[in-house]
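A.B. asks: Dumping the structure here so I can ask a few things about it.
Residue numbers (this note's numbering), protein chains in the order written: chain A, 7 to 322; chain B, 755 to 882.
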């Protein structure tokens, strides 16, 4: 089924995320490697039709989660489902892999093959292979068909790996750090291709990233993962709308007692200035600030980067 | 391009897009009956999430600023709401121009005026 842009009102309804159908779902997922806890109870719900950014620092547990969802690694405990199928059972895991397009960070390609060989070789495994898209992306990405993969630049390899994933006719595309190591122009080209693809095909994209800017740019939902757990998730625009920084300046030193208003995520005092990171309605906090005789009060939006830095912990 | 939301500003992107459509109407760049780009082409052009564009259009329709016509796309509404945007803008413009002139006459710098406006807007214009 294709999306029809603004051609009818019905097309708008289709874009409303249906909250009770998770395309990816994990519950209390744990993974221990040689005594090191990579995942410590990771809960994740990805609605279908979204572009979902799985955001975290290096080593936060992103790749481990992707491997478990793909059946490449097995969870120590907890539940992982894709399309409602158990990712840990061999049979359903095979079906999951058949319905997913995956691009690993290493872009697994056969170095001795030419671009054309690699495309033909991959197409054979997928009965729903989209030859129309293959032709379109070969042209769009300007991939030289006769060149061997070992002679391709990193950007070309990324674009080829993306082409192979996009042409499978997959319902779900999983990408591990899709733009890592790419120059800004190629990175933008990759993001553009992803947006162009979801705009035309019914598809969900789940991508891991440590780059806040690209999550900001193309995702509509995100989960921030830290130390093997999801510490914050939701629609990006809701998060942007929800968090505020409130700066109050006082005549003397900022009052030292706790503020009583609800919705205070973090407080910082420095001399005459009290800075509050708030979540939700700011009015009770503003009222309290006025009651404390703040000389000036300033409310400003908080960027995803700031939210990220406030929610992830330091080094362990 | 008429629209260019900034994803890293901290302001919800659908709101930025709504503001930019309204601003284009206020300045006369878009007029009643003009067609807006489709969700898909606009998302592709701005390299932003199609769901976000769809949300902005839905909200604009809800506010009566645009009309979604079955099978033919999104248009600036031919109603009083869209027409009033331009009027409100002109009225507000002269009011604010007056205030700015007075502040400048008292030696307040443009930078200070900008900060005053922003602080007043952000705290909801409510005072003790």
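Glycine is no exception: its CB is placed at the ideal position from the N, C-alpha and C atoms. This one's a predicted model, so the numbers in the text were calculated from it and none came from an experiment.
In chain order, which continuous runs of the alpha helix (DSSP H) of length 4 or greater are located wholly inside the segment 762-841 of chain B?
C.D. replies: Runs of the alpha helix (DSSP H) inside the segment 762-841 of chain B: 767-780, 793-800, 804-816.
A.B. asks: Could you have a look at residue 214(A) and say whether DSSP puts it in helix, strand or coil?
C.D. replies: Residue 214(A): strand per DSSP, three-state reduction.
A.B. asks: Of the residues that make up the segment 802-818 of chain B, which ones have a beta carbon closer than 8 Å to any beta carbon in chain A?
C.D. replies: Listed in sequence order: 802, 803, 804, 805, 806, 808, 809, 811, 812.
A.B. asks: With distances taken from CA atoms, which of 222(A), 80(A), 124(A), 48(A) is nearest residue 33(A)?
C.D. replies: Among 222(A), 80(A), 124(A), 48(A), the Cα nearest to that of residue 33(A) is on 48(A).
A.B. asks: Tell me whether residue 229(A) sits in a helix, a strand or coil according to DSSP, three-state version.
C.D. replies: In the structure shown, residue 229(A) sits in a strand (DSSP, three-state: E or B).
A.B. asks: Any beta carbon from chain A within less than 9 Å of residue 784(B)'s own beta carbon?
C.D. replies: No, no contact with chain A.
A.B. asks: In the segment 182-199 of chain A, which residues sit with their C-beta less than 9 Å from some C-beta in chain B, listed in chain order?
C.D. replies: Of all residues in the segment 182-199 of chain A, 194, 197, 198 have a Cβ within less than 9 Å of some Cβ in chain B.
A.B. asks: Run through DSSP, which three-state label would residue 143(A) get?
C.D. replies: Three-state result, residue 143(A): helix.
A.B. asks: Helix, strand or coil for residue 34(A)? Go by DSSP, reduced to three states.
C.D. replies: Strand, per DSSP.
A.B. asks: Quick one, which residues of the segment 289-309 of chain A are near chain B if we go by CB-CB under 8 Å, in chain order?
C.D. replies: Those would be 289, 292, 296, 302, 303, 304, 305, 306, 307, 308, 309, in chain order.
A.B. asks: Check whether chain B comes within 9 Å of residue 88(A), counting only Cβ atoms and requiring the distance to be less than that.
C.D. replies: Chain B contact via Cβ: absent.
A.B. asks: Is any beta-carbon of chain B found at less than 9 Å from that of residue 165(A)?
C.D. replies: No, no contact with chain B.
A.B. asks: Going by Cα to Cα distance, which pick from 82(A), 52(A), 58(A) is closest to residue 40(A)?
C.D. replies: Residue 40(A) has its Cα closest to that of 82(A), out of 82(A), 52(A), 58(A).
A.B. asks: Going by DSSP, name the residue or residues bridged to residue 276(A).
C.D. replies: In DSSP, residue 276(A) forms a bridge with 279(A).
A.B. asks: Going along chain A, which residues have a C-beta under 7 Å from residue 765(B)?
C.D. replies: Here the neighbours are 246, 307.
A.B. asks: Note down, in chain order, each residue of its chain lying with its Cβ closer than 7 Å to the Cβ of residue 72(A), except the 5 sequence neighbours on either side.
C.D. replies: Within the same chain, residue 72(A) has close Cβ partners 180, 182, 214.
A.B. asks: Is residue 256(A) near residue 299(A), with beta carbons less than 9 Å apart?
C.D. replies: Closer than 9 Å, so yes.
A.B. asks: Against chain A, does residue 857(B) count as a neighbour if the rule is that its beta carbon must be under 9 Å from one of theirs?
C.D. replies: Output row for residue 857(B): interface = no.
A.B. asks: Give me, in chain order, the residues of the same chain whose beta-carbon lies closer than 8 Å to that of residue 286(A); leave out the 5 immediate sequence neighbours on both sides.
C.D. replies: Hits under 8 Å: 248, 268, 269.
A.B. asks: In angstroms with no decimal places, state the Cα-to-Cα distance between residue 290(A) and residue 304(A).
C.D. replies: Taking the straight line joining both Cα atoms gives about 14 Å.
A.B. asks: Which first and last residues belong to the alpha helix (DSSP H) in which residue 865(B) is found?
C.D. replies: Per DSSP, residue 865(B) belongs to the alpha helix (DSSP H) from 864-876.
A.B. asks: Can you tell me which residues form a DSSP beta bridge with residue 86(A)?
C.D. replies: Paired residue(s): 32(A).
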